[in-house]
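Asks:
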Amino acid sequence: MNAPAGDLSRAASVSPIVGFFRSDEMRTLIASAFNRPGLGEATLNDGGIEVALKIMRRGDKPSVVIFDVSQTNNPVADIATIIKHGGRALPVIAIGEAIDLEQFRELLAVGMFDYIDRAGGAAPLADAVARARRLRARRATDTGVARQGRVIVFAGTRGGVGTTTAAIATAWTLANDCDTQTALVDLDLVSGTIAFALDIDPGQGLREGLDQPARIDAVFVERCLVRESPKLAVLSAEEPYDLGGDFDPAAALVLLDELRQTFDCIVVDLPRSVTPLCKVVLAAADDIVLMYSPTLAGLRDALRWMDLTATVADRAAVRLVQGPVPGTVAIDKAEFEKSLGRKTDLAIPFDAKAAFAAANAGKA
């Protein structure tokens with residue numbers, strides 16, 4: 022049973038989950054989520070940021086906060102304030118009307134755990150609370166320093182520029198030469214070639230996890246991973262061509278959060294198409310390696326990708342890498358960089374013989 026709204030003194034000692042609502046409809050929605058067995062109880066409070074701060078300042082320490090942003094003038098500032106007082110480890114779930122990707126990214130940047138569109142009903146909120154509780158439980162039992170793996174995303178401005186090869190080489194080097202626990206994630210669930218290139222079987226379950234993010238936890242991820250070596254684990258799939266790609270973008274955040282807890286580095290190979298899920302991955306990245314070909318089409322696409330990363334991933338360090346191409350079809354490097362407005366960080370030489378041998382070997 023949920024504690025009555027406003028009964029703060031009793032509720033604080035009963036339940037560590039605290040919710041704030043601004044309408045009767047939102048209260049009903051939040052309360053309905055806790056009808057799910059095993060989710061625990063929640064304290065529901067009528068009010069916005071002022072009420073939340075009052076509770077925080079008196080010393081109450083909730084394990085999860087659900088905050089109604091439907092009537093706030095500045096959701097980003099309110100969520101940032103709650104996290105400032107509750108600490109970065111506090112999962113804050115915002116709930117309100119549908120928002121665009123830019124607003125979602127801004128909320129993520131200040132530390133929001135998840136955003137729930139109220140139109141989806143109580144089930145997505147219950148899923149988010151369950152994930153948040155698992156996260157807090159894991160942190161509470163962790164006697165050491167929590168691992169927060171670095172996310173390195175590889176993206177190609179167009180096909181055939183060596184993006185997947187570079188992602189594989191980077192992950193393999195991190196794992197085997199740098200002795201770093203590394204996860205290599207292939208988000209092209211239909212045509213991805215990472216498992217094929219490493220001569221391992223694609224894992225099972227990645228599609229189900231992206232379809233149903235509530236299923237993603239440490240056990241689920243471990244079951245989906247395929248070990249190439251003791252230090253390198255691969256997360257991939259080989260789905261049929263009629264696979265629908267309309268995954269919940271929030272699933273990417275849940276997946277990356279689980280991987281961050283286990284691995285020091287997470288190398289992600291993005292598919293060619295930029296889906297909403299891919300944009301969320303870019304927003305969560307620490308580093309983005311942007312592969313391009315020094316051609317006219319490559320210049321056009323590189324400029325568009327630079328604009329995209331500046332919009333959705335301004336916290337990430339973007340590395341610009343020229344893929345291997347025959348010199349006869351390439352634009353002069355100086356001319357290309359002048360048109361692009363920045364220097365290339367690395368140029369991978371064209372070695373057709375070595376590339377052919379590596380592709381045919383099918384081994385790391």
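The working numbering puts the sequence shown at residues 22 to 385.
Where is the CB? At the ideal position from N, CA and C, for every residue including glycine.
Computed from a prediction, not measured in an experiment: that's the story for all the values here.
1. Do three or more CB pairs link the region 66–81 to the region 169–176 at distances below 8 Å?
2. Pull the bridge partners of Phe41 from the DSSP assignment, please.
3. Pull up the distance between the alpha-carbon of Ala58 and that of Ile137, whole angstroms please.
4. Based on the DSSP secondary-structure assignment, which residues constitute the bridge partners of Gln202?
5. Excluding the 5 residues flanking Arg155 on each side, which residues of the same chain have their C-beta closer than 7 Å to its C-beta?
6. Could you tell me the alpha carbon to alpha carbon distance between Ser53 and Ala143, rounded to whole angstroms?
7. Could you give the distance in angstroms between the alpha-carbon of Asp89 and the alpha-carbon of Leu231?
8. Going by DSSP, what residue range makes up the alpha helix (DSSP H) through Leu320?
9. Quick one: using the 10 Å Cβ neighbour count with 16 as the cut-off for buried, is Cys199 buried or exposed?
10. According to the Cβ coordinates, are Pro234 and Ala258 closer than 8 Å?
11. Could I get the ranges of all uninterrupted beta strand (DSSP E) runs contained in the region 107–166, with 3 residues as the minimum, in chain order?
12. Under a three-way DSSP split, which group does Gly230 fall into?
13. Looking at the secondary structure, which residues open and close the alpha helix (DSSP H) in which Gln169 lies?
14. Taking all protein chains shown into account, decide if Gly180 is buried (16 or more other Cβ within 10 angstroms of its Cβ) or exposed.
15. Flag this pair as yes or no: are the beta carbons of Asp285 and Gln225 separated by less than 8 Å?
16. Hey, Ala204 and Ala254: beta-carbon distance below 8 Å or not?
Replies: With the given structure in hand:
1. no
2. Asn66, Phe88
3. The sequence shown places Pro at residue 58, rather than the Ala named in the question. Distance between the alpha carbons of Pro58 and Ile137 is about 20 Å.
4. Partner(s): none; Gln202 has no beta bridge.
5. Asp238
6. 6 Å
7. 26 Å
8. 317–333
9. exposed
10. no
11. 113–117, 135–138
12. helix
13. Per DSSP, Gln169 belongs to no alpha helix (DSSP H) and is neither H nor E.
14. exposed
15. no
16. yes
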